[in-house]
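Numbering of the sequence shown is given in numbering that gives the first Met the number 0, commencing with residue 0 and proceeding in unit increments. Read through the structure below, which is laid out as structure tokens, and then see the notes.
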Amino acid sequence: MPLSHDHIRTTVETYLARHPDERRQLGGLLDALDRPANIASRSTFSGHVTCGAIVVDPLGRVLHVLRPASGKVLAPGGHTEPEDDSLAEAALRELHEETGIPPQAVTPWPGHEAVPFDIDIHDIDARPGKGEPGHRHFDLRFLFRLRTAADVPVVLQVEEVGDIEWRPVDRVYSPSLREKLLKLTPKAEPETANASALIYNDRGEYLLHLRDYFPGQIWEPGMWSLLGGGREPQDATLEHTVRRELDEEAGLDIADLTPFGIEEATDASGGTVPIAIYAGRWNGDRRELRLTEGVMLAWFAPNDLHRLRIADTTSDLVRRHAAIRTASASSAAAHTGAASDEERHPASTHGTVLNVIGVHLYLERPDGTVLLGLRHPDSAFAPSTWHVLASHCEQESAITCLIREARDEAGLQVQPQDIELVHVVHHIDRAGDRPRMGLFFRARTWTGEPELREPDKCTQWKFWDPASLPDNLVPYTRVAIEGIRAGRLYSETGWA
């Protein structure tokens, strides 16, 4: 049975009892409840109810999902279904369907088990392709806490969700929601009582702490580990904990510490201990630090960790962070057109060398012309040169990257089902540089006309006849376009 108006009204009135100042702005929802039309049904286009799941992890970060159809980053959520027993259950079902996070992985925030944390009314654009006119959503948002400190497997509903993102509270997408969540910040870390610092420098090294060898007295005796420790009563947050520990153990003050995640370690008794990890950059001399605990501090490159007596969890953590930094550096280089030092000079001249993945949009109009952009004269890479819309692939799928970049760089809306891989170029600029794999995707259909969204990177968009491409075209782009027109899937350049 569909959710009844009585259930919805009771839920809304309970919410308004806590937020009486919002009664006026929710007048449209109250009026809809007085009408006979079923606002639990998505076919009621005078306005209908949707339910969202606001999920807070042990670090106080909030779960967001990317909606490829609109290009917006929002909370998981959607329409109610006849099998939903309650509005809160609808929110949990949508969370599971869109992200794969099961209901048992979260728990309602105390005091908000059946009462929305926030209610918002917003307009939805018409979707002629689906026969839906413009209408309103009455969005009831329920607050949940992620139960476990460990990573929760995520399985995206690809037709609805392009990617997920955990954002700090001050970057939550909705202003009204953000304002309410900021008041809950001290409660956002209820189960984690330990915090450690992942400190790195610009050389790609990590600062590790050699513990005293006192078996039975300290955790991980005689092993290399991160600086950090347990929460104390005076610590308002886990960031306060890690900052206090850095000062007490080494006299170290890191200007910018950011949450990296929650790790689970095993204590001396065999129990599982969740640890909040904060990452920060520091380029100081470790010999100038005053060490009050342990034997010594030293910098280590991730490739040298196998030589140390170090917990597997700590080693994996460092390597994972290093890999993300490499991806971020590649992304930053893509936005400026410059190759990073790591790309120009791979860590090793033999063995495994990571290739940079570039994602490219091949946009061809019915008349056969192809979209190119003229790079800014100040670009470090290919200044004043024509190139297809492109970006380095970050910590995301190639399709997600392509959709995001098409929207951000040119205002184009592309759907996943309309994208196909048409060419791959494996290229290298010069001997010793990091190799690059260029993935060229064709968008069979799209909406919008190219516009200059990032004029500091691209100064002009223009459709060119492939038979008379500009002379100042990025060389591997010319190779790819020629390969696509010839029906070839793969090319190599720069290796001879």
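Glycine is no exception: its CB is placed at the ideal position from the N, C-alpha and C atoms.
Within the same chain, Cβ atoms closer than 6 Å to the Cβ of Val160 are found at Val64, Glu97, the five residues on either side in sequence being excluded. In its chain, beyond the 5 residues on either side, Val61, Arg177, Leu180 have a beta carbon closer than 7 Å to the beta carbon of Val171. In the three-state DSSP reduction, Asp169 falls in the helix class (H, G or I). Contact between His391 and Thr476 is absent: CB atoms are separated by about 15 Å, not below the 8 Å threshold. Taking each of Ala485, Ala125, Ala479, Gln416 in turn and checking the Cα distance to Val157, the smallest one comes out for Gln416. Contact between Arg406 and Gly70 holds: their C-beta atoms lie close to 5 Å from each other, under 8 Å. Across the structure, Leu237 and Arg230 are spaced so that their CA atoms are roughly 7 Å apart. No Cβ-Cβ contact shorter than 8 Å links Gly437 with Val421.
The shortest CA-to-CA distance from Phe462 to any of Gln233, Gly372, Asp119 is the one to Gly372.
Counting along the chain, His4 sits inside the alpha helix (DSSP H) bounded by residues 4-17. With a threshold of 16 other beta carbon atoms within 10 Å, Pro376 falls short and is exposed. A direct Cα-to-Cα measurement between Ala321 and Pro132 gives close to 48 Å. In the three-state reduction of the DSSP assignment, Thr43 falls in the coil class. DSSP, reduced to helix, strand and coil, places Pro174 within a helical segment of the structure shown.
In this structure, the beta-carbon distance from Ile120 to Phe137 falls below 8 Å. Under the 8 Å Cβ criterion, the stretch 205-223 counts as touching the stretch 291-300, having at least three qualifying pairs.
Inter-residue distance for Ala275 and Pro167 is about 14 Å (C-alpha atoms, whole angstroms). DSSP places Val424 in the strand class (E or B) of the three-state scheme. In this chain, the beta strand (DSSP E) harbouring Tyr489 covers 489-492. Spatial neighbours of Phe439 in its own chain (CB-CB distance under 6 Å, excluding positions within 5 residues in sequence) are listed in chain order as His359, Tyr361, Val421, His422, Ala479. Scanning its chain for C-beta atoms nearer than 6 Å, with the 5 sequence neighbours on each side dropped, one finds around Val369 the residues Glu363, Trp463, Pro465, in chain order.
Pro107 sits in a strand when the DSSP states are folded into three classes. Put simply, the backbone Cα of Val11 is about 21 Å away from that of Leu183. Under the three-state reduction of DSSP output, Ile253 falls in the coil class, being neither helix nor strand.
For His78, the pairing in a beta bridge is given by DSSP as Thr49. Taking Arg286 as reference, the option from Tyr277, Leu304, Asp255, Ala249 with the minimal CA-CA separation is Ala249. In the DSSP assignment, the residues bridged to Lys461 are Leu371. For Gly26, the secondary structure class from DSSP, reduced to helix, strand or coil, is helix. Sequence-distant Cβ neighbours of Leu197 in its own chain, meaning closer than 8 Å and more than five residues away, are Tyr205, Leu225, Phe259, Ile276, Tyr277, Ala278, Gly279, Leu316, Val317, His320.
Taking the Cα of Val55 as reference, the smallest distance to any Cα among Asp169, Glu88, Ser42 is reached at Asp169. Straight through space, the alpha carbons of Trp218 and Thr106 are spaced by roughly 31 Å. With contacts defined by Cβ atoms closer than 8 Å, Gly27 and Arg135 form a contacting pair. Pairing Ile118 with Leu256 gives a Cβ-Cβ distance that is not under 8 Å. Per DSSP, the beta-bridge partners of Gln412 are Thr446. Ranked by Cα distance from Phe213, the options Pro75, Gly293, Tyr199, Thr79 are led by Gly293. Excluding its 5 nearest sequence neighbours in each direction, Arg140 has C-beta neighbours in its own chain below 6 Å: Gly51, Ile53, Pro115, Phe116, Asp117, listed in chain order.
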